[in-house]
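Protein chains in written order, with the numbering used here: chain A, 2 to 427; chain B, 89 to 514. Note that beta-carbon positions come from the ideal geometry of N, C-alpha and C, so glycine has one too. Values in this document were obtained by computation on a predicted structure and should not be read as measured data. I have placed the structure first, in the form of structure tokens, so that the comments after it can refer back to it.
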Amino acid sequence: MKKEILFSSRLRESCTKIIHDSGLNICLYPMKGFSSAFAILGTRYGSIDTTFKTNEDADYMTVPEGIAHYLEHKLFEGEECSAFENFAKTGAYSNAFTSFDSTAYHFSCSDKFGENLRTLLDFVQNPYFTEENIQKEQGIISQEIKIYLDDPGWRVFFNGLEAIYHNNPVRIDIAGTTESIKKIRKELLYHCYYTFYNLNNMTLAIAGNFDPDKALKICDEMLRPSKDIGLKTLVPEEPYEIKEKRVSQKLYCALPLFQLGFKMPNLSGRECCRKYIIWNIMLEAALGSFSPFYSRCYDSGLINDTFSAGVFKGRGFFLPMVSGDSRDPDKTAEEVINELYRLRTNGIPKEDFEIVKKMTYGDLLSGFNNVGTVAKGMMNADFNEMDIFENLEMTAEVTYDDIMDALRSMDLENSSLSVIEPLERE
Amino acid sequence: MENLYNRRRIADEVYFTSVTDNKFKINRISVIFITDLSDRASCNAVIPRLLSKCSEDFDTMAKLNKKLAGLYSANITWSVKADGDYQICELSAAVLGNRYALEGEDILREALKILIGCIFRPYFENGRFPSQSLEIEKQNQIDDNDAEINDKTSYAYYKAYSEAFRGEPAEIRWGGTNEQVEAINGDSALETYRRLIDETRVEIICVGESKFEGVEKMFEDAFSAVGRKPECFTATKLSSVKPEVSRITETLDIEQSKLVMIFKTGLRKKYPLMVMQHLYGGTESSKLFSIVREKMSLCYYCFSRLGYAKGFVSTECGVDHDNLVKTEAECLNQLSEIAKGNFTDDEVTKVKLYIINLMRSGLDTVSGVASKCLSGILYPENAISIDEMSDRINAVTREEIIEAAQSLKLDTVYILDTNKKEEAAQ
Numbered sequence: 002m003k004k005e006i007l008f009s010s011r012l013r014e015s016c017t018k019i020i021h022d023s024g025l026n027i028c029l030y031p032m033k034g035f036s037s038a039f040a041i042l043g044t045r046y047g048s049i050d051t052t053f054k055t056n057e058d059a060d061y062m063t064v065p066e067g068i069a070h071y072l073e074h075k076l077f078e079g080e081e082c083s084a085f086e087n088f089a090k091t092g093a094y095s096n097a098f099t100s101f102d103s104t105a106y107h108f109s110c111s112d113k114f115g116e117n118l119r120t121l122l123d124f125v126q127n128p129y130f131t132e133e134n135i136q137k138e139q140g141i142i143s144q145e146i147k148i149y150l151d152d153p154g155w156r157v158f159f160n161g162l163e164a165i166y167h168n169n170p171v172r173i174d175i176a177g178t179t180e181s182i183k184k185i186r187k188e189l190l191y192h193c194y195y196t197f198y199n200l201n202n203m204t205l206a207i208a209g210n211f212d213p214d215k216a217l218k219i220c221d222e223m224l225r226p227s228k229d230i231g232l233k234t235l236v237p238e239e240p241y242e243i244k245e246k247r248v249s250q251k252l253y254c255a256l257p258l259f260q261l262g263f264k265m266p267n268l269s270g271r272e273c274c275r276k277y278i279i280w281n282i283m284l285e286a287a288l289g290s291f292s293p294f295y296s297r298c299y300d301s302g303l304i305n306d307t308f309s310a311g312v313f314k315g316r317g318f319f320l321p322m323v324s325g326d327s328r329d330p331d332k333t334a335e336e337v338i339n340e341l342y343r344l345r346t347n348g349i350p351k352e353d354f355e356i357v358k359k360m361t362y363g364d365l366l367s368g369f370n371n372v373g374t375v376a377k378g379m380m381n382a383d384f385n386e387m388d389i390f391e392n393l394e395m396t397a398e399v400t401y402d403d404i405m406d407a408l409r410s411m412d413l414e415n416s417s418l419s420v421i422e423p424l425e426r427e
Numbered sequence: 089m090e091n092l093y094n095r096r097r098i099a100d101e102v103y104f105t106s107v108t109d110n111k112f113k114i115n116r117i118s119v120i121f122i123t124d125l126s127d128r129a130s131c132n133a134v135i136p137r138l139l140s141k142c143s144e145d146f147d148t149m150a151k152l153n154k155k156l157a158g159l160y161s162a163n164i165t166w167s168v169k170a171d172g173d174y175q176i177c178e179l180s181a182a183v184l185g186n187r188y189a190l191e192g193e194d195i196l197r198e199a200l201k202i203l204i205g206c207i208f209r210p211y212f213e214n215g216r217f218p219s220q221s222l223e224i225e226k227q228n229q230i231d232d233n234d235a236e237i238n239d240k241t242s243y244a245y246y247k248a249y250s251e252a253f254r255g256e257p258a259e260i261r262w263g264g265t266n267e268q269v270e271a272i273n274g275d276s277a278l279e280t281y282r283r284l285i286d287e288t289r290v291e292i293i294c295v296g297e298s299k300f301e302g303v304e305k306m307f308e309d310a311f312s313a314v315g316r317k318p319e320c321f322t323a324t325k326l327s328s329v330k331p332e333v334s335r336i337t338e339t340l341d342i343e344q345s346k347l348v349m350i351f352k353t354g355l356r357k358k359y360p361l362m363v364m365q366h367l368y369g370g371t372e373s374s375k376l377f378s379i380v381r382e383k384m385s386l387c388y389y390c391f392s393r394l395g396y397a398k399g400f401v402s403t404e405c406g407v408d409h410d411n412l413v414k415t416e417a418e419c420l421n422q423l424s425e426i427a428k429g430n431f432t433d434d435e436v437t438k439v440k441l442y443i444i445n446l447m448r449s450g451l452d453t454v455s456g457v458a459s460k461c462l463s464g465i466l467y468p469e470n471a472i473s474i475d476e477m478s479d480r481i482n483a484v485t486r487e488e489i490i491e492a493a494q495s496l497k498l499d500t501v502y503i504l505d506t507n508k509k510e511e512a513a514q
């Protein structure tokens with residue numbers, strides 16, 4: 002077991018990172034004064050991981066879209082009772098989520114932390130799938146998919162991804178489709194489970210009111226060592242150009258919704274995180290709440306409080322985007338692009354850059370105020386081979402040249418506009 | 089509440105509460121104007137929008153936002169909501185704790201001065217809100233009112249809610265009606281602003297790492313310059329059940345149908361109702377989750393909520409059209425099972441632990457503490473400590489749960505139906 006204590010001089014707080022003998026990475030952050038604890042156990046396995054192989058496989062295998070999410074639903078099921086029922090015995094709140102590049106299971110509690118940690122480690126390590134319980138889940142997940150089909154905010158986002166990417170699996174809806182999930186069988190779920198739920202591919206993060214020594218003792222008892230199976234995922238070749246310049250759909254909504262995405266080369270790991278900070282600072286200084294652009298567009302009624310600019314990133318994708326509601330999405334997109342061209346020539350005011358750096362520092366520190374945010378932050382940082390404090394240091398190191406280089410590297414014409422138009426009610 | 093959080097009067101119907109907890113890294117100061125929901129709701133809703141955008145000291149939104157950004161991403165936000173028969177209009181400042189300032193700035197004091205400036209010294213032109221700003225915020229309010237349709241789950245809930253409380257103040261939505269918004273002019277906006285400052289009940293709630301020294305005095309001074317003539321404060325009234333169940337169906341071109349049922353109760357026993365509602369549909373081990381979702385696979389979400397002040401419990405779910413009848417019947421059946429006493433002591437214990445865990449965890453966030461303070465102010469029965477609440481929850485008996493379930497009478501059924509009926513069946 003390898004143990005490292007990490008200290009942040011800015012926060013004057015520390016956390017511990019452990020590489021456990023079982024292969025699992027463990028991050029522990031006790032937080033004084035809090036009455037609850039939050040634990041999250043995640044795997045680097047998300048909706049984008051549809052084609053993969055291990056040392057034991059001769060060739061790559063492609064599985065149905067939405068299977069990572071389906072697996073997340075089914076893992077709560079046990080032979081005798083569901084994990085929900087075990088958490089309920091202590092009053093803990095438990096849940097899970099699947100994103101593009103990860104799946105995670107978590108609980109929060111203000112009592113009986115040890116019992117809950119045992120439940121978490123137990124159910125995630127012990128899948129129990131039957132054809133019957135898999136079949137049963139189809140109805141539930143179909144309804145989940147349908148909720149999002151009616152959600153204009155979700156649709157503008159996914160339509161936008163489909164317009165930008167030709168092959169990158171990030172363009173696939175996390176839950177798959179009502180058709181694709183019908184292809185999911187017990188054997189496939191087990192295969193995906195044993196491929197991705199290997200402890201070498203996973204991280205446990207705990208924050209809040211808990212005893213680190215007791216937590217580690219439970220980990221020692223419950224974690225079953227995994228051998229590294231040489232997992233490889235296949236990322237399809239992605240052309241440089243966007244797929245479609247403009248896509249639109251009609252749904253019930255008050256104002257048109259828009260999303261303008263600028264296609265960029267894929268990034269992963271630490272470099273992705275560093276650029277994420279640089280690009281977010283650049284976009285905030287250029288288009289954020291105190292920029293001349295924002296005031297001009299807000300005062301003319303083109304945008305409202307829903308307007309935002311930032312980077313959508315993860316393993317294998319890095320996408321600066323601007324989104325919100327607008328009476329005239331095309332005009333807004335034109336204004337955004339013109340403003341970025343203008344700033345490329347004239348430069349972002351240096352004073353604004355310094356202010357946004359301070360903003361970013363404040364936002365990052367504020368995140369250490371909540372046990373759930375800290376635990377999720379540790380897990381995500383670990384997935385990117387970083388620690389939770391490094392974002393603060395990376396922010397301090399961002400220079401004016403970094404943000405201007407970022408702005409100049411944008412291919413402003415290689416962008417897609419996704420629009421949801423209001424569907425008239427009869 | 090006075091004893092619990094040392095709430096004190098600083099002017100006529102103006103109260104100040106502060107909670108210091110060193111575990112937090114931020115501070116939040118909320119100025120809350122409490123008034124009855126009435127035909128003034130629209131105008132009341134527009135004022136906080138205007139106040140949060142500029143002030144005499146910062147005459148444009150850009151200047152204000154720039155100053156706040158430089159204070160480590162401090163923000164001044166507005167919120168307006170309906171709670172029972174009340175309309176709650178709030179302006180809040182959220183700031184990073186002074187101990188994290190890089191250059192020793194007094195972030196809290198600076199942000200407070202800005203907040204007080206926004207509330208007491210708005211930016212006027214010719215003694216009125218600038219007409220351009222007023223027109224923009226009127227339009228934004230209309231867009232927000234219309235945007236309720238964007239989220240079909242909450243749209244269905246509020247349609248059912250309005251029908252259940254037809255003819256009562258609670259029928260009015262937080263932002264009133266578009267017709268009322270359109271009728272706002274410079275004079276009525278000014279009059280409403282004065283009324284909010286002079287006549288509504290005001291609660292100032294500060295929560296965070298600061299001791300808030302001098303903050304009370306700053307607000308005391310600000311309100312001393314105001315000629316307070318507080319209006320009579322009406323308590324939220326219990327709603328009586330309709331003689332006949334009101335059934336409404338609205339059909340839209342959507343993928344999933346929504347079912348909302350509202351039951352009313354005249355029972356004035358908060359904790360038995362709370363335990364019963366959680367047993368019915370408030371947790372992952374509840375009847376609605378474990379039977380309607382997990383066993384019958386009818387939906388992805390199916391839950392209940394309790395509105396104690398108005399005396400109601402709602403049931404909400406999203407289902408295929410073909411399953412609407414079956415789902416409604418099963419939701420009613422599960423409530424009837426509780427009313428007959430068909431639940432175990434083990435189920436009750438789990439639910440009690442869950443509620444207590446949730447309440448304790450709520451005090452681990454600044455917003456959770458602020459909500460607890462406000463809840464105790466609006467509803468005196470909530471003005472007790474978490475320990476006392478836990479004791480009352482634990483004291484709830486099986487007979488009281490049955491009594492609570494038996495007291496519920498169906499009042500309103502609202503269905504937002506899909507027109508894609510032929511495709512809906514799985």
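State yes or no: is the beta carbon of residue i nearer than 8 angstroms to at least one beta carbon in chain B?
i: PHE85(A); result: yes
i: VAL357(A); result: yes
i: SER100(A); result: no
i: TYR94(A); result: yes
For the candidate residues the options, whose alpha-carbon lies nearest to that of residue i?
i: ASN445(B); options: GLU213(B), ILE474(B) and LYS141(B); result: ILE474(B)
i: ASP479(B); options: ALA427(B), LEU340(B) and ARG448(B); result: ARG448(B)
i: PHE39(A); options: GLY67(A), LYS113(A) and ASN305(A); result: LYS113(A)
i: PRO318(B); options: LYS346(B), VAL333(B) and ILE285(B); result: ILE285(B)
i: SER36(A); options: LEU118(A), CYS254(A), CYS110(A) and ASP151(A); result: CYS110(A)
i: TYR160(B); options: THR403(B), CYS142(B), GLU193(B) and SER130(B); result: GLU193(B)
List, in order along the chain, the chain A residues whose C-beta lies closer than 7 angstroms to that of residue i?
i: LYS113(B); result: LEU366, SER367, PHE369 and ASN370
i: GLU343(B); result: LYS147, LEU150 and ASP151
i: ARG448(B); result: SER36, SER37 and SER111
Is the shortest distance between the beta-carbon of residue i and the beta-carbons of chain A less than 8 angstroms?
i: MET89(B); result: The predicted position of MET89(B) is uncertain, since its pLDDT is 42 and thus under 50; a value taken from the coordinates is nonetheless stated next. No, MET89(B) lies away from the interface with chain A (no Cβ there is under 8 angstroms from its Cβ).
i: CYS142(B); result: no
i: LYS438(B); result: yes
What in chain B is Cβ-close to residue i, meaning under 8 angstroms?
i: ALA106(A); result: Contrary to the premise, residue 106(A) reads as Tyr rather than Ala in this sequence. Residues of chain B passing the Cβ test: none, with the nearest at roughly 13 angstroms.
i: ASN160(A); result: Within 8 angstroms Cβ-Cβ: nothing; ASN160(A) doesn't reach chain B, min ~15 angstroms.
i: LEU256(A); result: ASP231, ASP234 and ALA235
i: PRO65(A); result: Within 8 angstroms Cβ-Cβ: nothing; PRO65(A) doesn't reach chain B, min ~17 angstroms.
Using a cut-off of 9 angstroms between C-beta atoms, extract the partners of residue i located in chain A.
i: LYS240(B); result: ILE148, ASP151, ASP152 and TYR253
Please classify residue i as buried or exposed, where buried requires at least 16 neighbouring CB atoms within 10 angstroms.
i: ASN228(B); result: buried
i: VAL413(B); result: exposed
i: LEU224(A); result: buried
i: LEU413(A); result: exposed
i: THR131(A); result: exposed
i: CYS320(B); result: exposed
i: GLU145(A); result: buried
i: ASP214(A); result: exposed
i: SER416(A); result: buried
i: ARG13(A); result: exposed
Give the residues of chain B in contact with residue i, contact being defined as C-beta atoms less than 9 angstroms apart.
i: TYR296(A); result: Strictly speaking, residue 296(A) in this sequence is Ser, with Tyr absent from that position. Within 9 angstroms Cβ-Cβ: THR148, MET149, ALA150 and ASN153.
Give the interface partners of residue i over in chain A, defined as CB-CB distance under 8 angstroms, in chain order.
i: GLY205(B); result: Correct list: empty, because the minimum Cβ distance to chain A is about 17 angstroms.
i: ASP452(B); result: PHE35, SER36, SER37, GLY209, ASN371 and VAL372
Interface residues of chain B around residue i at Cβ under 7 angstroms?
i: PRO226(A); result: Those do not exist, as PRO226(A) stays about 31 angstroms from chain B at its closest Cβ, beyond 7 angstroms.
Are any of the Cβ atoms in chain D nearer than 8 angstroms to that of residue i?
i: ILE164(B); result: The displayed structure is made up of protein chains A and B, and chain D is not among them.
query = Along the chain, which unbroken stretches of the beta strand (DSSP E) at least 3 residues long are found entirely within the region 297-360 of chain B?
reply = For the region 297-360 of chain B, whole beta strand (DSSP E) runs of length 3 or above, ordered along the chain, are 334-340 and 345-352.
message = So within the region 187-217 of chain B, which uninterrupted alpha helix (DSSP H) runs reach at least 4 residues, ignoring any that extend past its ends?
response = Listed in chain order, they are 195-208.
request  = At 3 residues or longer, and completely inside the region 105-182 of chain B: list those beta strand (DSSP E) runs for me, N to C.
outcome  = Secondary structure within the region 105-182 of chain B: the beta strand (DSSP E) runs of 3 or more consecutive residues, fully enclosed, are 114-124 and 163-171 (chain order).
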